[in-house]
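There are 2 protein chains.
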Amino acid sequence: MSEIDRIDRRILDLLQRDGRITNAELAQRVGIPATSMSDRLKRLQKHGYILGFTARIDPHRVGLGLLVFVEVSLDKTTPDAFEKFSRAVRHAPEILECHMVAGGFDYLVKARVTDMAHYRSFLGDVLLNMPGVAETRTFPVMEEVKPDAPLPI
Amino acid sequence: MSEIDRIDRRILDLLQRDGRITNAELAQRVGIPATSMSDRLKRLQKHGYILGFTARIDPHRVGLGLLVFVEVSLDKTTPDAFEKFSRAVRHAPEILECHMVAGGFDYLVKARVTDMAHYRSFLGDVLLNMPGVAETRTFPVMEEVKPDAPLPI
DNA sequence: CCGTTAAACCGTATATTTCGCGAAAAAAGG
DNA sequence: CCTTTTTTCGCGAAATATACGGTTTAACGG
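Chains as they are written, first to last, in this note's numbering: chain A, 561 to 713; chain H, 561 to 713.
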């Protein structure tokens, strides 16, 4: 089951670059009939290769000009500290990404806010009030060198 | 020019969650005729609110199971150190994101590789050979708590 | 080696969607 | 108030997607 051939990889690559390419165009680019492309697309979605489609919005145009990374350390006094913190993170809309990492701290948080004043209140009212948070270190982004590249497929 | 009303925000929000929603469905959801939706969509793209569309691919399904963050410090001996490093970063397909930050180091790099062996060679052959790199600190991701949330619009 | 079964492939026909065009409405600017 | 520009929106032609069903291919167990 769920094997993936060279054509499938090509499809995934093209779809990453243009998620709204038409089925017909896609079929023509990889050299299979349009209806076969329909079948493959449905299969790739059903088997979880394609998680979904999304529009890439310019954050600056919608008032989210400041990107910030935050290193978070927890005080692991309770056994469910991780679980509680995770749940809080998923409910904070400012937090776009959060990963548990190995190394000098516990979580790396990526957040978008309008400006430093906004970040200040986010830090005080939201992040520092999350369960178990012991220490944070903030790294404001000065320049987005590579904002979001496609996966190398 | 380039004002954005409540309907536009709704459109952007819906498109972030489903980038392949049909124009007709979108129009119905926000309560305007389909042809007006066409016009708005074209305007939002032309004015740079919508940067493009993309398929979200599951990295694990395509052999990119390991997510890594790397803090990079440069030795700023030459004035164009930043420029040279930036260019190198943009040519490395393993690097999905790279941001210049304020704080204890210069760049935060997000990369995806298949496993630790792959990361070891990426670090030695690619990252450490980039111009101006003085020091790196690696943080492998153990758990992706919040992989990629939509912008709060 | 053969038969069975399940999956993938693909052409046709139909349903859905998109988009250009032009009229109507609204907004902007004297 | 009138003119000019922009936005809105209905219609219909053209493009697109997809359900259906027959054909082919692959996998597996005897």
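Note that beta-carbon positions come from the ideal geometry of N, C-alpha and C, so glycine has one too.
Q) If you pair each beta-carbon of the region 606-625 of chain H with each one of the region 667-686 of chain H, do three or more pairs fall below 8 Å? A) yes
Q: Taking SER646/H and VAL649/A to be in contact with their CB atoms under 8 Å, please state how far apart those CB atoms are, rounded to whole angstroms.
A: That pair is no contact at about 30 Å.
Q | Within chain A, the residues that ASP675/H reaches when beta carbons sit closer than 9 Å | A | The contacting residues do not exist; ASP675/H stays about 14 Å from chain A at best.
Q: Can you pull the chain A residues whose beta carbon is under 8 Å from the beta carbon of VAL590/H, in chain order?
A: Within chain A, no residue comes near VAL590/H; the closest Cβ sits about 14 Å away, beyond 8 Å.
Q | Where the region 624-639 of chain H meets chain A: residues whose CB sits under 8 Å from a CB there | A | LEU624, LEU627, PHE629
**Q.** Residue environment, GLN588/H, which counts as buried when at least 16 other CB atoms sit within 10 Å
**A.** Answer is exposed; the Cβ neighbour count stays below 16.
Q) For the candidate residues ASN583/A, SER596/A, ARG569/A, TYR667/A, whose alpha-carbon lies nearest to that of GLY623/H? A) ARG569/A
Q | Boundaries of the alpha helix (DSSP H) in which HIS620/A is found, first to last residue | A | From DSSP, HIS620/A is part of no alpha helix (DSSP H); its letter is neither H nor E.
Q: Tell me whether the beta-carbon of GLN694/A lies closer than 8 Å to the beta-carbon of SER598/A.
A: Residue 694/A is actually Ala in this sequence, not Gln. Their beta carbons are not under 8 Å apart, which means ALA694/A does not touch SER598/A by this criterion.
Q.
If the cut-off is 8 Å on Cβ atoms, which residues from the region 570-581 of chain H count as contacting chain A, listed in chain order?
A. LEU572, LEU575, GLN576, ARG577, ASP578, GLY579, ARG580
Q | Contact under 8 Å by Cβ, GLY790/H with THR614/A | A | It is not possible to answer for residue 790/H, since the shown part of chain H is limited to 561 through 713.
Q: Closer than 8 Å by C-beta to THR696/A: which residues in its own chain qualify, once you throw out the five before and the five after it? Chain order, please.
A: VAL630, GLU631, VAL632, SER633, LEU683, LEU687, LEU688.
Q: Find the residues of chain A that neighbour TYR609/H, judging by a C-beta separation of less than 8 Å, and give them in chain order.
A: Annotation: Cβ neighbours of TYR609/H in chain A (cutoff 8 Å, chain order): ILE617, ASP618, ARG621, VAL622.
Q. So what does GLU631/H bridge to, in DSSP terms?
A. LEU668/H, ARG697/H
(Q) What are the residues in the region 684-702 of chain A lying within 8 Å of chain H by C-beta distance? (A) ARG697, THR698, PHE699, PRO700, VAL701, MET702
Q: Using only alpha-carbon positions, find the residue among PRO593/H, ARG566/H, TYR679/H that is nearest to GLY625/H.
A: TYR679/H
Q.
At the level of alpha carbons, what is the spacing between ASP666/H and GLU657/H?
A. 14 Å
**Q.** Distance, GLU563/H Cα to LEU611/A Cα
**A.** 32 Å
Q.
When you compare the CB positions of ILE518/A and ALA584/H, do they come within less than 8 Å of one another, or not?
A. As displayed, chain A neither begins before 561 nor continues past 713, which places residue 518/A out of reach and without an answer.
Q.
Quick check: the Cα distance between LYS636/A and PHE642/A, rounded to an integer number of angstroms?
A. 8 Å
Q) Can you list the residues of chain A that ASP708/H reaches, using a CB-CB cut of under 8 Å? A) LEU656, GLU657
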